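All remarks here apply to the structure that follows.
There are 2 protein chains.
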Amino acid sequence: MKKDLDRIMQKQGIDALWVNGAAQNNPDMVYFTGIHHVSSADLIKIRGQEPVLFYNSMEREEAAKTGLQVMGYEENYPIRKYLQLANGNTLQAVALRYKDIFTDFGVNEKKIGIAGKNDLCAAYAVTKAVQELLPKVEFVGCFMESALKTARLIKSPDEVEHIRRMGRITTEVVGNTADFLSSHAAKQNILVDDKGSPITIGLVKAMIRRWLAEKGADNPEDTIFSIGRDAGIPHSSGNDQDYLELGKTIVFDIFPCEAGGGYFYDFTRTWCLGHASDEIQKVYQDVFAVHQKMVDSFKANTAFRDYQSETCHLFRESGYLTIEDDPEITEGYVHSLGHGLGLDVHENPFSGMGSGSQDVLEPGMVFTVEPGLYYPSKGFGVRIEDTVTMNEQGKIEILADFPYQLVLPVRE
Amino acid sequence: MKKDLDRIMQKQGIDALWVNGAAQNNPDMVYFTGIHHVSSADLIKIRGQEPVLFYNSMEREEAAKTGLQVMGYEENYPIRKYLQLANGNTLQAVALRYKDIFTDFGVNEKKIGIAGKNDLCAAYAVTKAVQELLPKVEFVGCFMESALKTARLIKSPDEVEHIRRMGRITTEVVGNTADFLSSHAAKQNILVDDKGSPITIGLVKAMIRRWLAEKGADNPEDTIFSIGRDAGIPHSSGNDQDYLELGKTIVFDIFPCEAGGGYFYDFTRTWCLGHASDEIQKVYQDVFAVHQKMVDSFKANTAFRDYQSETCHLFRESGYLTIEDDPEITEGYVHSLGHGLGLDVHENPFSGMGSGSQDVLEPGMVFTVEPGLYYPSKGFGVRIEDTVTMNEQGKIEILADFPYQLVLPVRE
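From first to last, the protein sequence lines stand for chains V and U. Per my numbering, the first sequence starts with residue 1, numbered consecutively. Per my numbering, the second sequence starts with residue 413, numbered consecutively.
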């Protein structure tokens, strides 16, 4: 949580954070600012002090809306001055400006943690140029467990409410989608509209985008709505021109966020329109049983990856191949059990074996539970996913309820 | 253009590009891949060779859809192997994997240009760790004029068509918005719905989001729809709870992109509902005259910043204060004339004085023309913006036509 940030910075030996980029679609920055139309900014957070947000003068009102302590670049560190000093070299001018800012903030010989999402090319050039001007600064990067990402790992009650609200929006849209599909009839086993034209995945996705937008959600990473063989490949997002054939599995994985890059939700249901074969029903029931068992099994202070092992164990017992037995399989349980989510759709904790994650589950964490079985060669796949939180008592709570129904009826 | 990339890399002495991040919402990557659901990838482009895209196995189908030469991390450089080598240290494992990839590609002692948009903290850590493993590699960053951004500066005819298509969508949504506003009546000078409740900016923005989503556009940086005093601050995006008062200027600046982070459009109109004061009409006419003059004046092989000077000159002649006379003004012409756009909403060329831009206009460039006059103290602001391209003959073409009408009638 944000209130733990100073302690975490202390533990990691970080004196200050330098968060760069916009105040939207930029998780590390939005964590401090909320979502605002500030397109280019820096936030300096010194350990033990409140953060300060730098803004360009045209965005002064938007910066002020963050409620943070703010400081105008132009009023305090006008770029014209630095361009003169740098003989018109923009990179050097920007670096000189950071030098003055870091010096005035007293961190010109300190350990500064780098944060934010932005253009890597410009960031590399600027960081290198500032390093040359301030050789005693130690910039600190981190692959997965930076101070900020460690703080973000435990959600405050307010953050959980944001995610819960996105869960409500997400499941409403999933309900709209189910109603839309069920309101149509099939012709020659293909779902068609009132004029008899096939309904395409592209059309369904357009409806989903519209429903999300109406409810104030963004869909920055698109939606997985894949059928048949494609449903057998976990991250295949589906082909817009494909038709909806009855009896084939549809994997519908939807992960929208608050408009402007706020908190995400992540949710999957698998549907068959009209009917499902015995084989698919059996696989679905087995995935559902594992899903329910896992939701009931999480305990505080245990490693997330242990539940990936347990999931493999359960599937193995039912006779399925798993990624634990052979990491190269593409049929069976080929996936990992879940991942944290918040301002990023994928963030710590991770259950995956491949990620080398050591994450331990704790109250306040929010993560997905998404077992699945995949058979591209047989033309189907099944995944069931909910987003859950571990509450103060260490109990697991699904953040948005929605029925676990495999077969969606269609109009006769 | 992409076909010039090898030549530009040669000129800048860059042997290879390393583009990191997703194949969506990541301009440098999308430039090669198009928009696909590939959430974590690297693209290596060696000078004189076709690029190669690395993907995670679950995203193999999405990677294949790019049409590029692709290579699976797992099939070729399995992370398990590197985790073993690195004793479970994920950062070190990832760095060792890059070491092998760069070595196999023959660029382990070369100049590698960094590109892409991603988490700065992880990128800093990884780049530093790879540098330590490959001390003879020279990583190259660039503040604004990297090889890739230089190539992106000149649009291919296909790219211009993408932007033109977004222009069509954008102006359709602006038309929808005008129709929506004009279809309502006012009560006590405030626009109201059929039940007599005031229409808020938040409602208008929700409609705009819905119309954009329906047409397949994303709105990642929100929309500026600001009224009165807020319209007098160029980047104030407006307050959701504000009402629409007749006679006040509304600055409506809309900059959506193709869903998933494709090509942008950027467009502004200023409206007064019902009527406009003489003062506002005069300022509007002066801004419009400058807009028209500037659109007609651009010539190939001239500096974009010279047109910023010319715009200041024209406004000065009409008696307005300009940013050229005093860079700290907040009233008058406080803005810069325009900026390039493409896969970024703001990219080279830039006309601004502050940016130190040396950009020269050339055929194939796409940029905005957006003069404005701002009077927050008087409670109004005016901006008129179109996106234009310079064609092969050096002629300027506005990419989406839309009327320049200040007063929008409302229902009686």
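Glycine residues also receive a C-beta, built at the ideal position from the N, C-alpha and C atoms. These numbers come from a predicted model, not from an experiment.
For U:N530, DSSP records a beta bridge to V:N118. Interface annotation, V:Q10: not in contact with chain U, CB-CB separation never under 8 Å. Against chain V, the CB of U:I526 has a partner CB under 8 Å away; the residue lies at that interface. For U:C724, the enclosing alpha helix (DSSP H) covers residues F716 to E729.
For U:L593, the secondary structure class from DSSP, reduced to helix, strand or coil, is helix. The stretch 163 to 173 of chain V and the stretch 249 to 261 of chain V touch, with no fewer than 3 CB-CB distances between them shorter than 8 Å. For U:N713, the number of other beta carbons within 10 angstroms of its own is below 16, and it is reported as exposed.
Neighbourhood of V:E221 in chain U, by CB distance below 9 Å: A434, Q436, N437, H449, S451 and G672, in chain order.
Identification of residues in the stretch 104 to 133 of chain V having a C-beta nearer than 8 Å to some C-beta of chain U yields G113, I114, A115, G116, K117, N118, D119, L120, C121, A122, A123, Y124, A125, V126, T127 and K128, given in sequence order. Going by DSSP, U:D798 is part of the beta strand (DSSP E) stretching over D798 to M802. The three-state secondary structure of V:H36, taken from DSSP, is coil. If you look at U:A505, you'll find it in the alpha helix (DSSP H) that goes T502 to D516. Nearest in C-alpha terms to U:P463, of all of U:T589, U:V538 and U:L560, is U:L560. For U:E474 against U:V450, the beta-carbon gap comes to about 5 Å, under 8 Å, which counts as contact. For U:V702, same chain residues with a beta-carbon under 7 Å away, outside a window of 5 residues either side, are T723, L726, F727 and P783 in chain order. Taking the C-beta atoms as reference points, V:I201 is found nearer than 8 Å to V:I227.
Counting only Cβ-Cβ distances below 7 Å, V:L91 has contacts in chain U at F555, in chain order.
Burial of U:N432 is indicated by the presence of at least 16 other C-beta atoms within 10 angstroms of its C-beta.
Rounded to whole angstroms, the gap between the alpha carbons of V:E159 and V:F264 is 11 Å. Under the three-pair Cβ rule at 8 Å, the stretch 524 to 544 of chain U counts as touching the stretch 100 to 116 of chain V. When DSSP states are grouped into helix, strand and coil, U:D665 belongs to the strand group. Proximity to U:V781 across U:N803, U:Q697, U:T799 and U:D606 peaks at U:T799, based on C-alpha coordinates. Comparing alpha-carbon positions, the option among V:P363, V:Q188 and V:G175 lying closest to V:G247 turns out to be V:Q188. Measuring C-alpha to C-alpha distances from U:N760 to each of U:L603, U:D718, U:I810 and U:F779 identifies U:F779 as the nearest. For V:Y243, the CB contacts under 6 Å within the same chain, skipping 5 residues up- and downstream, are I190 and P198 in chain order. Contact between U:A428 and U:I458 holds: their C-beta atoms lie close to 5 Å from each other, under 8 Å.
DSSP links V:W271 through a beta bridge to V:I250. Taking 8 Å as the threshold, the shortest C-beta distance from V:R164 to chain U does not fall below it. The three-state secondary structure of V:L408, taken from DSSP, is strand.
In terms of beta-carbon proximity, U:V781 stays away from the interface with chain V, with every pair separated by 8 Å or more. Excluding sequence positions up to five before and after V:Y73, its CB lies within less than 8 Å of the CB of F54, Y55, N56, S57, I79 and R97, all in the same chain and listed in chain order. Look at V:H235: its C-beta is under 8 Å from a C-beta on chain U. Here V:F350 is bridged, per DSSP, to V:H339. Taking V:G379 as reference, the option from V:I250, V:E328, V:H162 and V:F143 with the minimal CA-CA separation is V:I250. The Cβ neighbour count for U:P547, taken over all protein chains shown within 10 Å, is under 16; the residue is labelled exposed. When beta bridges are read from the DSSP output, V:M71 appears opposite V:F54.
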